[in-house]
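Participant: Have a look at the structure that comes next, please.
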Amino acid sequence: MYLNGKTIGALIALFIMMVPAAMTVTMNPGEQAVQADVDRDVGAASYNPDNITVVVDIMRLRAMTLDTDTPRLYFKILINGENALWWEQVHEGPDIYFEWPTAALTVPYNPDEPVTVQIEVWEKNRLGVDRPCDISQGTSDQLAGKTLMLFYDLKRGEWTGDDYLRDGNGYGHASGFEDGDTNDGDCEIWFDIYQWGEGSWWGDSSRLTGWEKENVYGLNASRDYCTTDFN
Numbered sequence: 022m023y024l025n026g027k028t029i030g031a032l033i034a035l036f037i038m039m040v041p042a043a044m045t046v047t048m049n050p051g052e053q054a055v056q057a058d059v060d061r062d063v064g065a066a067s068y069n070p071d072n073i074t075v076v077v078d079i080m081r082l083r084a085m086t087l088d089t090d091t092p093r094l095y096f097k098i099l100i101n102g103e104n105a106l107w108w109e110q111v112h113e114g115p116d117i118y119f120e121w122p123t124a125a126l127t128v129p130y131n132p133d134e135p136v137t138v139q140i141e142v143w144e145k146n147r148l149g150v151d152r153p154c155d156i157s158q159g160t161s162d163q164l165a166g167k168t169l170m171l172f173y174d175l176k177r178g179e180w181t182g183d184d185y186l187r188d189g190n191g192y193g194h195a196s197g198f199e200d201g202d203t204n205d206g207d208c209e210i211w212f213d214i215y216q217w218g219e220g221s222w223w224g225d226s227s228r229l230t231g232w233e234k235e236n237v238y239g240l241n242a243s244r245d246y247c248t249t250d251f252n
């Protein structure tokens, strides 16, 4: 069959129009919801809640060089200088795992100021004065050298201080051995720090901060994406 120039041109034009239509992919409901958030009005209010809840989640506590095989240990945790423990409890044993977060406090939301988090571990003595255990890299013999002092960034959900990203002992892990003295009533802890927005609860958060959702990923900061499949 002979095709003249006009016929060939018409076929090329038809092909160009059909290919994009054939390549169109229909988004699933989760993707549509995410895209709707990305495409929200430019004039929408920026993420700026009045308050935010900072959570300290101790996952494990292990005795290292204490004088007894079955120590009795308890925490003191301060957030911005205030007692933040959910409940006071003495934990018995050399290696203890925890199921629930240990402390939380609702603080004013100021993304430009870090939240201070102070974690202390104490040994309960039955017939004497309780003594602080060493969980810090600090070298002082005083309480400040045994306490874990951290500075939590509300923007990125990260912390610095006596524990930090890419330190030699692992992020979210602190040990009294880090100061070089291995006979100072030492313990080690594994922990996490994160934040809850309004309506959030333990285990149902995407762990992205509101600031990250809005400024890094272009999402709706007021929405929780823990059940959204981005694929």
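For any residue, its number in our numbering is found by taking its place in the sequence shown, counting from 1, and adding 21. Glycine residues also receive a C-beta, built at the ideal position from the N, C-alpha and C atoms.
(1) Using a Cβ-Cβ cut-off of 6 Å (strictly less than) and excluding sequence neighbours within five positions of residue 199, which residues of its own chain qualify?
(2) Please list the terminal residues of the continuous alpha helix (DSSP H) segment that includes residue 120.
(3) Alpha carbon to alpha carbon, how far is residue 188 from residue 110? Give it in angstroms, no decimals.
(4) Less than 7 Å separating the Cβ of residue 172 from some heavy atom of the ligand FMN?
(5) Drop a sphere of 10 angstroms on the beta-carbon of residue 241, count the other beta-carbons inside from all chains shown, and report buried for 16 or more, exposed for fewer.
(6) What did DSSP end up calling residue 255 once you bin it into helix, strand or coil?
(7) Please report how far the alpha carbon of residue 95 lies from the alpha carbon of residue 112, in whole angstroms.
(8) Since residue 138 and residue 180 are thought to touch, with beta carbons under 8 Å apart, how far apart are those beta carbons, to the nearest angstrom?
(9) Do the CB positions of residue 176 and residue 230 come within less than 8 Å of each other?
(10) Rank 131, 71, 166, 78 by C-alpha distance to the C-alpha of residue 205 and give the top, closest one.
(11) Does the beta-carbon of residue 103 have 16 or more other beta-carbons within 10 angstroms, so that it is buried, or is it exposed?
(12) In angstroms with no decimal places, state the Cα-to-Cα distance between residue 72 and residue 130.
(13) Taking DSSP's pairing of strands, which residues face residue 212 in a bridge?
(14) Are residue 207 and residue 154 touching if we call contact CB-CB under 8 Å?
(15) State yes or no: is the C-beta of residue 122 within less than 8 Å of the C-beta of residue 75?
(16) DSSP state of residue 97, grouped into three classes?
(17) Distance check for residue 145 and residue 100, CA to CA, integer angstroms please.
(18) Within this structure, are the beta carbons of residue 171 and residue 156 separated by less than 8 Å?
(19) Helix or strand or just coil, what does DSSP make of residue 162?
Facilitator: The short version:
(1) Excluding positions up to five away in sequence, the list reads 158, 190.
(2) Neither: residue 120 is in no alpha helix (DSSP H) and is coded neither H nor E.
(3) So the two alpha carbons sit approximately 30 Å from each other.
(4) The ligand FMN is absent from the structure shown, which contains no ligands of any kind.
(5) Around the Cβ of residue 241, a 10 Å sphere holds 16 or more other Cβ atoms; the residue is buried.
(6) Given that the chain is displayed from residue 22 to residue 252, the structure contains no residue 255 and the question cannot be resolved.
(7) A direct Cα-Cα distance of roughly 6 Å separates residue 95 from residue 112.
(8) Confirmed, Cβ separation roughly 7 Å.
(9) Yes, the pair counts as a contact, with Cβ atoms nearer than the cut-off.
(10) 166 is the residue among 131, 71, 166, 78 whose C-alpha sits nearest the C-alpha of residue 205.
(11) Sixteen is the threshold: since fewer than 16 other Cβ atoms of the shown chains lie within 10 Å of the Cβ of residue 103, the residue is exposed.
(12) The alpha-carbon atoms of residue 72 and residue 130 are separated by roughly 5 Å.
(13) Its beta-bridge partners are 79.
(14) Yes; because the gap between Cβ atoms is below 8 Å, this pair is in contact.
(15) No, Cβ-Cβ distance for residue 122 and residue 75 is not below 8 Å.
(16) Three-state DSSP puts residue 97 in a strand.
(17) Put simply, the backbone Cα of residue 100 is about 22 Å away from that of residue 145.
(18) Not a contact, by the Cβ cut-off of 8 Å.
(19) Coil.
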